[in-house]
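Residue numbers (this note's numbering): 5 to 500. Just so it is clear, CB atoms sit at the ideal spot from N, CA and C, and this is done for glycine as well.
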């Protein structure tokens, strides 16, 4: 096996700020609030025309999911083994995804407002669960109060320098081919970009970061942070960690994040490298085409290439950082894993096993347990199918819960160590063995995966005992692994 470990001197390590300790033990669920659950208890929704629950997702229109609905779903989430929620933006916005904020200091009334937020925080703390929010501090919506001031007053607005303008009057709704007159995110006039060189802008956004920590959140996921000058995030981290030394700061960086994870900016990033490489390997030649782009190069890959990606990613960062990476298979920004795997639930299960057994924090996108399979956004933002699980196309609740329990019971799965071995079989590179445990330790947790749809995988004799799946737990290692299956064992023989 080849060991994946970054080498950092003790002097450098001691000078860096580490992620909070609780993060390594977390299991996260990402929730898109408008589509998770409608409670029927939001006064501001009464009398409004909302889309029927389960309407095919679109870029516009609201289906009425709210924060009371998140509270109603906590029993369900805890049964899955979820310990931390990551919510897509919840601040007042005119978009169902709420990346177009018009007030960062108010929870959107359609979500239940501040009262629903306070109730959610109280209930999460009662249950011992954590909460991180989505911070969109690169840009705002056209309705943001300071930008609205510009639209009404033009260059005479005292907030004119809060944004980067090029010509007056501004045209917030330009005709085709017409310039809007201000900088915006990816040239979208709906998303005016803040001028972070303005001290008042910086102070407002930093105060927002502090405000919601004071209201009870446990950290931030930061949207497109690489499009904001790095010095802002140094100050953001200092202010946030001064207020709450245990706050988790996760940046949305899709690739190489070495410049952001040295201890000055973020604790971890959304680890999309795990997403595309894991799906590309378990797909075994049957990955949905048409979704690859430079930031997430979906493609079918060999075991050797998968090992290379994992090793490279782990070697980029310190062990503490690798334990704080937000690992995922899918999100609101990319097609769902089951879509990419063309409906192959067995392959999805292998991907989930890897997600829970790799170094880093596993993040399950809401609805994975119900077999949701939407494609590119906004199709991946479906309404959760509450009701009889017997009506779901797939019920993965017991499967995910068993993996969360395994991770909870085995400290090695929450550590930074990883060794990877390719296991050849009748279908060539059809298997992998992952070893989790300290170097030279007499015992280690090992994951063996057979991705082949056709061939069994011969297993070498072992003196260990099976930990997972539950049906085999406590027994000896079988001689073969059936197609598209995996098992986890406690190995008492150190492997190299």
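Taken through DSSP and simplified to helix, strand or coil, residue 332 comes out as strand. Burial check for residue 177: the Cβ neighbour count within 10 Å stays below 16, so the residue is exposed. When secondary structure is reduced to three states using DSSP, residue 475 falls in the helix class. Counting C-beta atoms within 10 angstroms of its own C-beta, residue 307 has 16 or more neighbours from the protein chains shown and is therefore classed as buried. Three or more Cβ pairs closer than 8 Å define a contact, and the region 386-397 falls short of that threshold against the region 452-460. Residue pairing by DSSP puts residue 438 in a beta bridge opposite 424 and 451. Counting along the chain, the unbroken alpha helix (DSSP H) around residue 323 starts and ends at 323-326. Considered as a whole, the region 74-102 harbours 88-91 and 95-97 as its complete beta strand (DSSP E) runs of no fewer than 3 residues, in chain order. For the pair of segments examined, the region 313-324 was found not to touch the region 244-257: the number of CB pairs separated by less than 8 Å stays below three. As for any alpha helix (DSSP H) of minimum length 4 sitting wholly inside the region 189-254, the runs are 203-218 and 234-247, ordered along the chain. Spanning the alpha carbons of residue 222 and residue 39 requires a straight line of approximately 23 Å. Around the C-beta of residue 44, fewer than 16 other C-beta atoms lie within 10 Å, and the residue is accordingly described as exposed. Residue 256 sits in coil when the DSSP states are folded into three classes, being neither helix nor strand.
Excluding five sequence positions before and after residue 374, the CB atoms of its chain that fall closer than 6 Å to its own CB belong to 389 and 396, given in chain order.
For residue 380, the number of other beta carbons within 10 angstroms of its own is below 16, and it is reported as exposed. Per the coordinates, the alpha-carbon of residue 66 lies some 51 Å from the alpha-carbon of residue 495. Secondary structure note for residue 110: its beta strand (DSSP E) is the uninterrupted segment 105-111. Taking a contact as a CB-CB distance under 8 Å, the pair residue 362 and residue 333 does not count as one, their CB atoms being some 11 Å apart.
Bridge pairing for residue 367: 32 and 332 [DSSP]. Apart from the 5 residues on each side of it in sequence, residue 74 sits with its Cβ closer than 8 Å to the Cβ of 35, 37, 40, 41, 89, 91 and 124 in its chain, given in chain order.
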